[in-house]
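Read the structure below first, then the notes.
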Amino acid sequence: MFSSLLRHNNLQKINHITTKLIHTLLKPTLLPPPPPPPPAAPEKEITKLRYANNPTELIIRVEKLAQQSRLDLIIQLIKTSSTKVATVSVWTELFKLLIKFNQQHLSYKLYLEIKRRRIQLDLQFYHLYFHLISTAKPSTKHFNLTRLESIWSQSQQLITTTTTTTTPPTNHSKIQLTNAYLNSLIHHGFTSKVFQLFHSLPATQIDSVTLYHLSKSLSSQQEEDLEKAKQLIQKWGAQEDKMDLRTTLSFANLFLKSTNTTHHSYAATLIQERIGIQIHANPYKFWSKHQPIMTPKNSSTSPIPNQEENTPQVKNQLRFDQPGQLTTLLRMLLKMKKFSLVRNLWAQIHANPDLYLDREAIDSTHCGLVIIAMGRCGAMDQVEDLLCWMMQSGNKKLRPNSDTLDKAIQAAWQTEDLSSGIAVLASLTHTYDQGLLTAEEEKKAVVETWRQKSKTRGATAISPSNRALVTLLQAAGRIGKVKEISRALETVAQFRTLPIAAAASPPPPPPSTTSPCTPNGKTTQPTLGLGAPESSQEIERYWVDQFVWVATDLLDKLLSRSEHNKVLSQDQIDTFSDWRARIDAFLQQDPSHTPLRSRIESRAHDRLTRLQSRSTAHGHGGKKRSP
Numbered sequence: 001m002f003s004s005l006l007r008h009n010n011l012q013k014i015n016h017i018t019t020k021l022i023h024t025l026l027k028p029t030l031l032p033p034p035p036p037p038p039p040a041a042p043e044k045e046i047t048k049l050r051y052a053n054n055p056t057e058l059i060i061r062v063e064k065l066a067q068q069s070r071l072d073l074i075i076q077l078i079k080t081s082s083t084k085v086a087t088v089s090v091w092t093e094l095f096k097l098l099i100k101f102n103q104q105h106l107s108y109k110l111y112l113e114i115k116r117r118r119i120q121l122d123l124q125f126y127h128l129y130f131h132l133i134s135t136a137k138p139s140t141k142h143f144n145l146t147r148l149e150s151i152w153s154q155s156q157q158l159i160t161t162t163t164t165t166t167t168p169p170t171n172h173s174k175i176q177l178t179n180a181y182l183n184s185l186i187h188h189g190f191t192s193k194v195f196q197l198f199h200s201l202p203a204t205q206i207d208s209v210t211l212y213h214l215s216k217s218l219s220s221q222q223e224e225d226l227e228k229a230k231q232l233i234q235k236w237g238a239q240e241d242k243m244d245l246r247t248t249l250s251f252a253n254l255f256l257k258s259t260n261t262t263h264h265s266y267a268a269t270l271i272q273e274r275i276g277i278q279i280h281a282n283p284y285k286f287w288s289k290h291q292p293i294m295t296p297k298n299s300s301t302s303p304i305p306n307q308e309e310n311t312p313q314v315k316n317q318l319r320f321d322q323p324g325q326l327t328t329l330l331r332m333l334l335k336m337k338k339f340s341l342v343r344n345l346w347a348q349i350h351a352n353p354d355l356y357l358d359r360e361a362i363d364s365t366h367c368g369l370v371i372i373a374m375g376r377c378g379a380m381d382q383v384e385d386l387l388c389w390m391m392q393s394g395n396k397k398l399r400p401n402s403d404t405l406d407k408a409i410q411a412a413w414q415t416e417d418l419s420s421g422i423a424v425l426a427s428l429t430h431t432y433d434q435g436l437l438t439a440e441e442e443k444k445a446v447v448e449t450w451r452q453k454s455k456t457r458g459a460t461a462i463s464p465s466n467r468a469l470v471t472l473l474q475a476a477g478r479i480g481k482v483k484e485i486s487r488a489l490e491t492v493a494q495f496r497t498l499p500i501a502a503a504a505s506p507p508p509p510p511p512s513t514t515s516p517c518t519p520n521g522k523t524t525q526p527t528l529g530l531g532a533p534e535s536s537q538e539i540e541r542y543w544v545d546q547f548v549w550v551a552t553d554l555l556d557k558l559l560s561r562s563e564h565n566k567v568l569s570q571d572q573i574d575t576f577s578d579w580r581a582r583i584d585a586f587l588q589q590d591p592s593h594t595p596l597r598s599r600i601e602s603r604a605h606d607r608l609t610r611l612q613s614r615s616t617a618h619g620h621g622g623k624k625r626s627p
């Protein structure tokens with residue numbers, strides 16, 4: 001009985017285990033769900049091409065596809081059109097689109113397709129093709145010399161082959177084609193071929209653009225290229241229509257870039273011959289904006305051959321006919337230190353400002369370059385007159401900016417005229433009513449002009465840069481007088497706050513690029529931390545260091561000598577001592593200022609050593625003279 005019961009229990013356990021095992025085996029395994037299938041790629045929209053019946057309609061179809069950036073469909077549409085519909089004008093539009101979409105490498109295969117279809121090409125197409133090549137990236141695979149020469153020879157065959165149905169090409173179109181080909185050769189580095197072709201051209205197919213391209217192909221570091229440039233100037237310099245202002249500036253710039261200084265004098269002579277001239281005094285006419293404005297003068301020292309005195313004057317005179325030429329000219333004259341020539345040129349322009357190029361073409365950049373030349377010539381009064389003229393013109397492009405202020409203060413440093421520098425600074429920053437100026441300075445024309453313009457809201461306050469303030473301090477240091485130095489320091493303190501010396505005080509806020517520090521931007525006197533930001537971090541840090549370097553130098557000069565107590569008041573001495581201590585504490589807080597601090601301490605130690613040696617020498621001299 002007991003054994004049967006035990007057997008029955010074992011059978012139940014076995015059945016239970018077996019059933020559980022079967023359920024486990026049959027139960028599906030819980031695996032992570034499979035990743036979702038990738039989204040099906042959107043089917044490319046199949047655009048149904050609508051074929052045209054004439055070239056005009058085909059060009060309209062091409063323009064619509066170009067708005068969708070479907071260059072592939074445009075090429076397919078043109079290729080599948082007949083030659084009567086896809087004419088040379090259509091292919092010309094296609095090549096323009098290759099430039100627009102930066103697909104110039106497809107041009108040669110398309111050009112072969114045109115030749116296979118035997119489409120009659122014209123000079124306009126070849127001119128565009130060479131322009132396309134000059135805009136492409138240099139590639140020996142797509143644009144090698146053999147391929148360029150082949151295209152050039154085929155374009156020349158078109159010129160020589162004239163039929164009764166086609167009009168012969170004009171000389172101007174031939175010159176344009178030649179210039180485009182030369183530009184493409186220069187762009188891809190085939191300069192040897194450029195001069196080989198140039199020497200084979202007749203004089204009728206050469207103009208100023210041709211010579212300009214040649215000047216761009218020459219190197220300023222190669223004596224052979226500079227000699228070629230001199231030969232070109234000697235040959236074509238007497239012809240005003242070929243050696244115009246842009247070409248002259250390009251050749252002069254070539255010699256100025258040379259490391260050999262002997263070539264700089266040649267460039268100076270070349271420029272002075274072309275620009276040391278009188279502006280033609282014809283009145284401004286609104287219907288003739290590009291009148292010749294300059295008449296050349298003959299000079300025996302010029303590298304350009306003189307014209308005969310009896311020959312009539314060339315009609316195509318030099319003129320500023322392109323943007324940037326006047327700026328380039330002024331920069332080159334400054335580089336050659338022809339400061340008086342800049343003043344003479346500007347005097348002629350200023351005498352009749354409405355005659356030459358459009359008045360809108362002159363901006364504050366030109367005036368800033370002229371201010372530099374006036375400062376080098378010691379004409380600070382002319383700088384003030386120029387600033388007044390800029391403001392009275394009412395032209396937004398002539399409105400003085402921060403760069404104008406920098407250059408005006410630089411002129412004050414060059415002329416050692418601190419009074420004019422402070423007057424200009426107070427005028428452009430609208431701080432002339434805050435006690436910075438003396439009674440005589442308040443009567444200056446530059447101050448009166450800005451005071452009147454500020455009443456009519458015709459002038460906005462300029463925030464002085466670190467460079468302008470540093471230059472003003474350097475001007476005072478260059479003069480070397482105690483009163484001038486103390487006045488410059490007190491003036492600069494109106495625009496820059498010295499660093500906080502207390503360690504418990506919060507650090508100064510990050511510099512702001514806005515001129516005022518208030519959120520609404522309406523403060524009349526901006527008070528920034530030491531060193532307002534400049535155009536980049538490197539320049540910003542440089543001028544901040546220069547500010548500290550120059551300010552500490554002037555403060556040490558004032559505080560190192562006891563006889564300065566006779567000139568400065570005790571309040572001024574206490575103020576300067578406090579500023580010097582603040583700067584010292586500021587330099588100690590920031591580890592990045594350690595090199596600057598060591599330089600300042602070394603300079604102060606050298607100054608103290610010199611003063612002690614001088615006092616010792618005077619003491620010995622006194623003992624010798626005593627009985």
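Here full-length UniProt numbering is used: the first residue of the sequence shown is 1, the next is one more, and so on.
Glycine residues also receive a C-beta, built at the ideal position from the N, C-alpha and C atoms.
{"query": "Going by alpha carbons, who is nearest to residue 336 out of 346, 394, 113, 253?", "result": "253"}
{"query": "Going by C-alpha distance, which of 75, 407, 88, 39 is nearest residue 56?", "result": "88"}
{"query": "Suppose contacts are defined by Cβ-Cβ distances below 8 angstroms. Is residue 375 in contact with residue 415 by that definition?", "result": "yes"}
{"query": "Taking Cβ to Cβ, would you say residue 132 is nearer than 8 angstroms to residue 175?", "result": "no"}
{"query": "Would a C-beta distance cut-off of 8 angstroms place residue 604 and residue 556 closer than the cut-off?", "result": "yes"}
{"query": "Answer with buried or exposed for residue 194, where buried requires no fewer than 16 other C-beta atoms within 10 angstroms of its C-beta.", "result": "buried"}
{"query": "Can you tell me whether residue 567 is buried or exposed, with buried defined as 16 or more other CB within 10 angstroms of its CB?", "result": "exposed"}
{"query": "Hey, residue 213 and residue 138 are a contact pair by Cβ (cut 8 angstroms); roughly how many whole angstroms apart?", "result": "That pair is no contact at about 16 angstroms."}
{"query": "Pair every Cβ in the region 474 to 491 with every Cβ in the region 448 to 465, then say whether three or more of these pairs are closer than 8 angstroms.", "result": "no"}
{"query": "For residue 469 and residue 334, I'd like the C-alpha separation in whole angstroms.", "result": "24 angstroms"}
{"query": "Distance check for residue 574 and residue 565, CA to CA, integer angstroms please.", "result": "11 angstroms"}
{"query": "Are the beta-carbon atoms belonging to residue 210 and residue 171 less than 8 angstroms from one another?", "result": "no"}
{"query": "Give the secondary structure of residue 496 by DSSP, where H, G and I count as helix, E and B as strand, and everything else as coil.", "result": "strand"}
{"query": "By alpha-carbon positions, which one of 228, 33, 465, 68 ends up nearest to residue 540?", "result": "465"}
{"query": "Using the C-alpha atoms, what's the distance from residue 243 back to residue 270?", "result": "11 angstroms"}
{"query": "Using 8 angstroms as the threshold, is the C-beta distance between residue 422 and residue 441 below it?", "result": "yes"}
{"query": "Span of the alpha helix (DSSP H) holding residue 324?", "result": "First-last for residue 324: undefined, no H or E at that position."}
{"query": "Would you grab the beta carbon distance between residue 473 and residue 554 for me? Rounded to a whole angstrom, and I think it's under 8 angstroms.", "result": "6 angstroms"}
{"query": "Measuring only the C-alpha atoms, how far is residue 96 from residue 382?", "result": "51 angstroms"}
{"query": "Could you spell out where the alpha helix (DSSP H) holding residue 90 opens and where it closes?", "result": "88 to 100"}
{"query": "In the DSSP assignment, the alpha helix (DSSP H) including residue 444 goes from what residue to what residue?", "result": "Segment: none, residue 444 is in no alpha helix (DSSP H) and carries neither H nor E."}
{"query": "Which residues bound the alpha helix (DSSP H) around residue 367?", "result": "364 to 376"}
{"query": "By alpha-carbon positions, which one of 410, 350, 413, 229 ends up nearest to residue 390?", "result": "350"}
{"query": "Short check: CB of residue 558 to CB of residue 486, under 8 angstroms?", "result": "yes"}
{"query": "Can you find the residues in the same chain that come closer than 8 angstroms, C-beta to C-beta, to residue 90, ignoring five residues on each side of it along the sequence?", "result": "55, 58, 59, 62, 78, 81"}
{"query": "Throw me the rounded Cβ distance for the residue 185 and residue 148 pair, which I believe falls under 8 angstroms.", "result": "7 angstroms"}
{"query": "Beta-carbon separation of residue 596 and residue 548 under 8 angstroms?", "result": "yes"}
{"query": "Use the C-beta contact count for residue 207: other C-beta atoms within 10 angstroms, 16 or more gives buried, fewer gives exposed.", "result": "buried"}
{"query": "Alpha carbon to alpha carbon, what distance is there between residue 134 and residue 444?", "result": "55 angstroms"}
{"query": "How long is the line joining the alpha carbons of residue 452 and residue 364, rounded to whole angstroms?", "result": "20 angstroms"}
{"query": "Checking 8 angstroms against the spacing of the C-beta atoms, do residue 258 and residue 226 come in under that value?", "result": "yes"}
{"query": "So residue 122 is in the alpha helix (DSSP H); what residue range does that whole segment cover?", "result": "Taken as a continuous stretch (DSSP letters only), residue 122 belongs to no alpha helix (DSSP H), as it is neither H nor E."}
{"query": "The alpha helix (DSSP H) spanning residue 628 covers which residue range?", "result": "Only positions 1 to 627 of the chain appear in the structure, and residue 628 is not among them; the question remains open."}
{"query": "Going by other Cβ atoms of all chains shown within 10 Å of its Cβ, with 16 needed for buried, is residue 199 buried or exposed?", "result": "exposed"}
{"query": "Taking all protein chains shown into account, do 16 or more other C-beta atoms lie within 10 angstroms of the C-beta of residue 51, making it buried, or fewer, making it exposed?", "result": "exposed"}
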